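**Student:**
Protein chains: 2
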Amino acid sequence: MLEFADFRELSKTLRSEVDDALVATTEYGPDVPTHLAEAIRHSLLAPAKRLRPLLVLIACEACGYDRSKAMPAAVAVELIHTYSLIHDDLPAMDDDDMRRGRPSCHAKFGESTGILAGDALLAQAFEVLAADHLPGPVVAKCVKELAVAAGAANLVGGQHDDLGAEFADLGLASLEAIHRRKTGAMICVSLRLGAIIAGASSEVLTALSQYGERLGLAFQIVDDLLDLEGDQQLMGKRVGKDSEAGKLTYPKLLGAEASRQRAEMLVAEAIASVSRDDLSSGALIALARYVLERKH
Amino acid sequence: MLEFADFRELSKTLRSEVDDALVATTEYGPDVPTHLAEAIRHSLLAPAKRLRPLLVLIACEACGYDRSKAMPAAVAVELIHTYSLIHDDLPAMDDDDMRRGRPSCHAKFGESTGILAGDALLAQAFEVLAADHLPGPVVAKCVKELAVAAGAANLVGGQHDDLGAEFADLGLASLEAIHRRKTGAMICVSLRLGAIIAGASSEVLTALSQYGERLGLAFQIVDDLLDLEGDQQLMGKRVGKDSEAGKLTYPKLLGAEASRQRAEMLVAEAIASVSRDDLSSGALIALARYVLERKH
């Protein structure tokens with residue numbers, strides 16, 4: 036079993052590998068307007084947890100494969116995650132002026148550039164994923180899964196329903212249905228891409244999806260709790276905003292104590308899903324525990 | 036040589052095949068919010084020329100291949116074209132309230148849904164392209180080319196620079212550099228995808244790119260002339276808007292007569308590019324002529 040201290044070392048190493056790859060990915064040629072390139076780098080290269088790319092790399096290694104082969108997929112999921120943050124922050128959406136400890140993209144570069152920076156990142160994710168380093172059939176499978184996770188049935192649809200969920204009288208099932216699509220699908224696909232690149236069996240893919248779904252919900256609960264109780268400086272964005280905006284959150288629905296218990300139960304289930312002989316699950320288990328401990 | 040009347044028949048048939056495929060592509064499951072699905076269909080299924088998907092199908096057939104194999108690529112380029120129209124129309128961008136004879140997407144469904152409908156279409160383009168009907172290596176090549184054409188160096192970068200070009204003192208070279216990226220790249224990639232699926236040689240791909248680049252510029256010149264002189268009802272969008280907005284156009288730069296001459300020269304060059312023994316170029320030639328004749 037991977038100790039907590041070792042996991043912190045590992046995640047630091049992985050994060051640094053991902054950050055280097057993201058820098059290389061955004062060294063654009065002269066055809067990309069400078070102002071647009073700056074806006075993209077401002078949002079993408081801000082200090083961040085890199086949860087989704089870490090999941091890609093950890094899943095790939097858990098399946099016994101060289102994680103460097105999965106780096107383009109890791110970059111792709113972070114490009115899509117960053118695009119979704121930029122668009123979510125727009126005035127017509129959540130209207131947030133801070134993100135990752137910096138002014139949000141549109142706040143610094145203007146609304147039209149914010150929209151275009153997001154659009155460019157979404158397209159580039161597929162460019163990166165389809166680069167020449169992987170066999171064609173693996174690329175095709177990865178592109179399809181990533182597009183579904185990023186699309187109208189998942190990431191985009193979840194954000195759409197989340198915008199409509201303000202002041203709505205939703206129960207736990209509806210709340211989790213939104214989070215499953217808005218956050219869970221991208222977390223699941225991150226794990227799946229790492230495993231697909233590693234040539235994993237469909238049983239392993241299913242196990243990783245179950246792990247990811249539970250991890251995603253637990254992550255969201257902790258996010259809600261941090262929004263309620265967290266430190267604005269550590270979070271890098273305004274806290275208390277969701278509850279002010281009348282947004283439905285776990286603590287509002289279940290209370291803080293029951294929310295934390297639910298997160299703990301989900302993490303335990305996530306860990307059980309990946310405790311299998313055909314997975315080296317040490318890092319996956321340590322990461323699930325870390326989600327409960329995080330302060331930002 | 037394909038006669039003009041025959042080309043009109045052919046393009047009507049192709050347009051009807053594309054329209055059917057677009058309807059099938061937007062029959063969404065229950066995970067896609069109804070309001071979002073309606074917004075997507077409102078924009079995508081409005082009557083339109085379908086120039087880009089027609090280019091995919093015509094290029095595929097010109098290379099001697101069954102055009103039905105290229106239909107997913109034809110759908111993909113139209114999804115991306117429609118996403119770009121929806122985002123271009125947003126208040127923070129060109130702020131247009133009419134498109135394809137209907138209220139623009141955000142005007143009817145709200146700004147946040149407009150942003151999300153565009154995002155969803157962009158992601159779905161890659162989902163459609165990566166569906167199981169084509170060999171993996173062909174999918175990988177198509178995804179990469181389409182992502183580059185839709186990305187920061189082309190479609191998105193062109194729109195960024197076009198927004199900045201209002202009242203700017205640009206010459207013909209700068210104007211064409213914008214159009215080459217904003218319109219030309221998607222026209223070129225449409226032709227290339229059809230040919231890649233048909234297994235065309237790199238010489239044929241180069242010839243089609245040359246044809247597409249010239250066709251794209253000619254198309255833009257005619258668009259500028261129609262914006263100046265065209266019939267609003269036929270165009271399905273407000274006319275005279277570009278010149279009112281102080282946007283640089285061909286007629287403004289060269290005068291109407293020289294603009295038309297330039298379009299004619301570009302079309303002649305486009306036709307020369309595809310007049311080759313290894314291409315059945317009848318429909319490509321007829322289409323290039325049609326671009327000069329169009330009234331909307």
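Note that the protein sequences, when read in sequence, are chains A and B.
For what it's worth, this note's numbering labels the leading residue of the first sequence as 36, then goes sequentially.
For what it's worth, this note's numbering labels the leading residue of the second sequence as 36, then goes sequentially.
Glycine residues also receive a C-beta, built at the ideal position from the N, C-alpha and C atoms.
All values derive from a computational prediction rather than experimental measurement.
Using the beta-carbon count (16 or more within 10 Å), is A:Ala72 buried or exposed?
**Tutor:** In the first sequence, the residue the question calls residue 72 of chain A occupies position 37. With 16 or more other Cβ atoms within 10 Å, it is buried.
**Student:** When DSSP labels each residue in this structure, what does A:Met133 get in the three-state scheme?
**Tutor:** Stepping through the first sequence from its first residue, residue 133 of chain A is reached at position 98. If DSSP states are grouped into helix, strand and coil, A:Met133 belongs with the strands.
**Student:** Along chain A, in chain order, which residues have C-beta atoms closer than 9 Å to that of B:Met128?
**Tutor:** Working through the second sequence from its first residue, we reach residue 128 of chain B at position 93. Glu146, Ser147, Ile150, Leu151, listed in chain order.
**Student:** Specify the secondary structure class of A:Pro68 as computed by DSSP and reduced to three states.
**Tutor:** In the first sequence, residue 68 of chain A corresponds to position 33, counting from 1. A:Pro68 falls in the coil class under three-state DSSP.
**Student:** Look at A:Ala94 and A:Ala230 and say whether their C-beta atoms are less than 8 Å apart.
**Tutor:** As a first step, residue 94 of chain A must be located in the first sequence, where it is residue number 59. As a first step, residue 230 of chain A must be located in the first sequence, where it is residue number 195. The answer is yes: Cβ separation under 8 Å.
**Student:** Keeping to the same chain, check which residues put their C-beta closer than 6 Å to that of A:Glu96; ignore five residues upstream and five downstream.
**Tutor:** Taking the first residue of the first sequence as position 1, residue 96 of chain A is located at position 61. These residues qualify, in order along the chain: Arg102.
**Student:** May I have the straight-line CA-CA distance separating A:Val239 from A:Ser308, to the nearest angstrom?
**Tutor:** Position 204 of the first sequence holds residue 239 of chain A. Position 273 of the first sequence holds residue 308 of chain A. For A:Val239 and A:Ser308, the distance between alpha carbons rounds to 10 Å.
**Student:** Got a sec: is the Cβ-Cβ distance from A:Leu228 to anything in chain B below 8 Å?
**Tutor:** Residue numbering aside, residue 228 of chain A sits at position 193 when the first sequence is read from its first letter. Chain B, which has no Cβ nearer than 8 Å to the Cβ of A:Leu228, makes this no.
**Student:** Show which residues of chain A have a CB atom less than 8 Å away from the CB atom of B:Tyr63.
**Tutor:** The count along the second sequence starts at 1 and reaches residue 63 of chain B at position 28. Within chain A, the residues near B:Tyr63 are Ala187, Ala188.
**Student:** Please list, in chain order, all residues of the same chain as A:Ala56 whose beta carbon is under 6 Å from its beta carbon, the five residues on each side excluded.
**Tutor:** Numbered from 1 along the first sequence, position 21 holds the residue referred to as residue 56 of chain A. Once the five neighbours on either side are set aside, the close Cβ partners of A:Ala56 are Met106, Val110.
**Student:** Would you say A:Leu49 touches the ligand PLP, meaning its beta carbon is less than 7 Å from a heavy atom?
**Tutor:** Because no ligand of any kind appears in the structure shown, any question about the ligand PLP cannot be addressed here.
**Student:** Just how far apart, CA to CA, sit B:Ser244 and B:Val224?
**Tutor:** Working through the second sequence from its first residue, we reach residue 244 of chain B at position 209. Working through the second sequence from its first residue, we reach residue 224 of chain B at position 189. Approximately 8 Å between the Cα atoms of the pair.
**Student:** Output the distance between the C-alpha atoms of A:Leu37 and A:Leu261, rounded to the nearest integer angstrom.
**Tutor:** On the first sequence, residue 37 of chain A is found 2 positions in, with the first residue counted as 1. On the first sequence, residue 261 of chain A is found 226 positions in, with the first residue counted as 1. Whole-angstrom Cα-Cα distance: 26 Å.
**Student:** Note the first and the last residue of the continuous alpha helix (DSSP H) segment covering B:Val309.
**Tutor:** As a first step, residue 309 of chain B must be located in the second sequence, where it is residue number 274. That residue, B:Val309, is in no alpha helix (DSSP H); it is neither H nor E in DSSP.
**Student:** Please confirm whether B:Ala74 and B:Gly193 have their CB atoms less than 8 Å apart.
**Tutor:** Position 39 of the second sequence, counted from the first residue, corresponds to residue 74 of chain B. Position 158 of the second sequence, counted from the first residue, corresponds to residue 193 of chain B. Cβ distance not < 8 Å, so B:Ala74 and B:Gly193 don't count as in contact.
**Student:** Go through its chain and collect everything with a Cβ distance to A:Glu211's Cβ below 8 Å, but skip five positions before and after it.
**Tutor:** Here the question's residue 211 of chain A lines up with position 176 in the first sequence. Hits under 8 Å: Leu252.
**Student:** Taking all protein chains shown into account, do 16 or more other C-beta atoms lie within 10 angstroms of the C-beta of A:Glu292, making it buried, or fewer, making it exposed?
**Tutor:** Here the question's residue 292 of chain A lines up with position 257 in the first sequence. Counting Cβ neighbours within 10 Å, A:Glu292 comes out exposed, since fewer than 16 surround it.
**Student:** Give the residues of chain A in contact with B:Pro170, contact being defined as C-beta atoms less than 9 Å apart.
**Tutor:** Position 135 of the second sequence, counted from the start, is the residue given in the question as residue 170 of chain B. Going along chain A in sequence order, the residues near B:Pro170 (Cβ under 9 Å) are Gly171, Pro172, Ala175.
**Student:** For the structure I just gave you, are there three or more beta carbon pairs, one from the segment 180 to 196 of chain A and one from the segment 213 to 222 of chain A, closer than 8 Å?
**Tutor:** Yes, they touch.
**Student:** Would you list, in chain order, the members of the segment 104 to 120 of chain A that have their beta-carbon closer than 7 Å to a beta-carbon of chain B?
**Tutor:** Per Cβ criterion, the list is empty.
**Student:** Does any CB atom of chain A fall closer than 8 Å to the CB of B:Lys217?
**Tutor:** Start at 1 with the first residue of the second sequence, and residue 217 of chain B comes out as number 182. No, its Cβ sits nowhere closer than 8 Å to a Cβ of chain A.
**Student:** Residues of chain A with a CB under 7 Å from the CB of B:Gly192: which are they?
**Tutor:** Indexing the second sequence from 1 puts residue 192 of chain B at position 157. Within 7 Å Cβ-Cβ: Asp66, Val67, Pro68, Leu71.
**Student:** If we count Cβ pairs, one from each stretch, closer than 8 Å, do we get three or more for the segment 129 to 149 of chain B versus the segment 132 to 146 of chain A?
**Tutor:** The segment 129 to 149 of chain B vs the segment 132 to 146 of chain A: no contact.
**Student:** For A:Leu207, does the count of other Cβ atoms within 10 angstroms reach 16, so buried, or fall short, so exposed?
**Tutor:** Along the first sequence, read from residue 1 onward, the residue named residue 207 of chain A stands at position 172. A:Leu207 is exposed by the Cβ-count criterion.
**Student:** Rounded to a whole number of angstroms, what is the C-alpha to C-alpha distance between B:Ala200 and B:His214?
**Tutor:** Numbered from its first residue, the second sequence carries residue 200 of chain B at position 165. Numbered from its first residue, the second sequence carries residue 214 of chain B at position 179. Going from the Cα of B:Ala200 to the Cα of B:His214 covers about 11 Å.
**Student:** Could you check what DSSP says for A:Pro138 in three-state terms: helix, strand or coil?
**Tutor:** Residue numbering aside, residue 138 of chain A sits at position 103 when the first sequence is read from its first letter. Strand.
**Student:** Mind pulling the beta strand (DSSP E) runs of 3 or more residues that sit fully within the segment 51 to 113 of chain B?
**Tutor:** The segment 51 to 113 of chain B contains no whole beta strand (DSSP E) run of 3 or more residues.
**Student:** For B:Ala158, decide whether its Cβ has a neighbour in chain A, counting only Cβ atoms nearer than 8 Å.
**Tutor:** As a working mapping, residue 158 of chain B is identified with position 123 in the second sequence. B:Ala158 counts as touching chain A.
**Student:** Looking at the C-beta of B:Ala59, does it have a partner C-beta in chain A at a distance below 8 Å?
**Tutor:** Residue mapping note: residue 59 of chain B aligns to position 24 of the second sequence, counting from 1. Not one chain A Cβ lies under 8 Å of B:Ala59.
**Student:** According to the Cβ coordinates, are B:Lys143 and B:His70 closer than 8 Å?
**Tutor:** Here residue 143 of chain B corresponds to residue number 108 of the second sequence, with the count starting at 1. Here residue 70 of chain B corresponds to residue number 35 of the second sequence, with the count starting at 1. Not in contact: B:Lys143 and B:His70 (Cβ atoms no closer than 8 Å).
**Student:** Beta-carbon within less than 8 Å of A:Glu174's beta-carbon, same chain only, minus the 5 sequence neighbours each way: which residues are those?
**Tutor:** For the purposes of this step, residue 174 of chain A is identified with residue 139 of the first sequence, where counting begins at 1. Checking the sequence shown, residue 174 of chain A turns out to be Val, not Glu. Excluding residues within five positions, the ones whose Cβ falls inside 8 Å are Leu164, Ala165.
**Student:** Taking 8 Å as the CB-CB cut-off, is B:Glu162 touching chain A?
**Tutor:** Reading the second sequence from its first residue, position 127 is the one you call residue 162 of chain B. Chain A contact via Cβ: present.
**Student:** Identify whether B:Met128 lies in helix, strand or coil by the three-state DSSP scheme.
**Tutor:** For this step, residue 128 of chain B is matched to residue 93 along the second sequence. If DSSP states are grouped into helix, strand and coil, B:Met128 belongs with coil.
**Student:** Would you mind sorting A:Lys47 into buried or exposed? The rule is 16 or more other CB atoms within 10 Å of its CB.
**Tutor:** On the first sequence, residue 47 of chain A is found 12 positions in, with the first residue counted as 1. Result: exposed.
**Student:** Using a beta-carbon distance below 8 Å, is B:Lys143 in contact with chain E?
**Tutor:** Here chain E cannot be found, since the structure's protein chains are A and B.
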